[in-house]
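According to the numbering used here, the residues represented by the sequence shown are 28 to 140, in order. All C-beta atoms, glycine included, are put in the ideal place defined by N, C-alpha and C.
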Amino acid sequence: MKIDGYGFGWMKIEGKVYKKDLIIFPERIIDNWWREEGHYLRESDIFEVFIEKPDVLVVGTGYYGYMKIDEELLKKLRNESIDLVYDKTGEAVKKFNELIKNKRVVGAFHLTC
């Protein structure tokens, strides 16, 4: 699923506009995604990613990049051989759209700050 557009607080995917944080899987989207702590990403926040077993997880850390990634999650991703790409959400969207051309990718995107 290609991301058609992104701006502060919204993302457009295949013609539909989403206004809550979301996780994009190859065949489905979890919208209204929330974390235990809004600006801190832990393994428990994305447990479904490990079931999916993508080649790459792309994380959009917010328009300003405020969301941080837990060290334990980084270790788990390495142990599961899942590459991690993360950046401010605008840049992460570009990377996501490029990576989906050749790899199995899941994207987790914080849409606001």
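Test item: CB-CB of residue 112 and residue 81 under 7 Å: The sequence position of residue 112 within the sequence shown is 85, counting from 1. The sequence position of residue 81 within the sequence shown is 54, counting from 1. Result no, Cβ atoms of residue 112 and residue 81 do not sit closer than 7 Å.
C-beta atoms of residue 83 and residue 110 nearer than 7 Å: Residue mapping note: residue 83 aligns to position 56 of the sequence shown, counting from 1. Residue mapping note: residue 110 aligns to position 83 of the sequence shown, counting from 1. Yes, the Cβ-Cβ distance between residue 83 and residue 110 is below 7 Å.
Closest residue to residue 60 among 100, 72, 38 (Cα-Cα distance): Here residue 60 refers to the residue found at position 33 when the sequence shown is read from its first residue. The candidate whose alpha carbon is nearest that of residue 60 is 72.
Cutoff 6 Å; reference residue 104; Cβ partners in own chain excluding five residues on either side: Indexing the sequence shown from 1 puts residue 104 at position 77. Correct list, in chain order: 111.
Residue 30 beta carbon less than 7 Å from that of residue 124: In the sequence shown, the residue the question calls residue 124 occupies position 97. In the sequence shown, the residue the question calls residue 30 occupies position 3. A contact, by the Cβ cut-off of 7 Å.
Alpha-carbon spacing of residue 35 relative to residue 139, whole angstroms: To locate residue 35, count along the sequence shown from 1; it is residue 8. To locate residue 139, count along the sequence shown from 1; it is residue 112. Each residue's Cα considered, the two are about 5 Å apart.
Cutoff 6 Å; reference residue 67; Cβ partners in own chain excluding five residues on either side: The count along the sequence shown starts at 1 and reaches residue 67 at position 40. Around residue 67: 95.
Buried or exposed by the 16-neighbour rule on C-beta atoms within 10 Å, applied to residue 127: Looking up residue 127 in the sequence shown gives position 100. Buried: at least 16 other Cβ atoms inside 10 Å.
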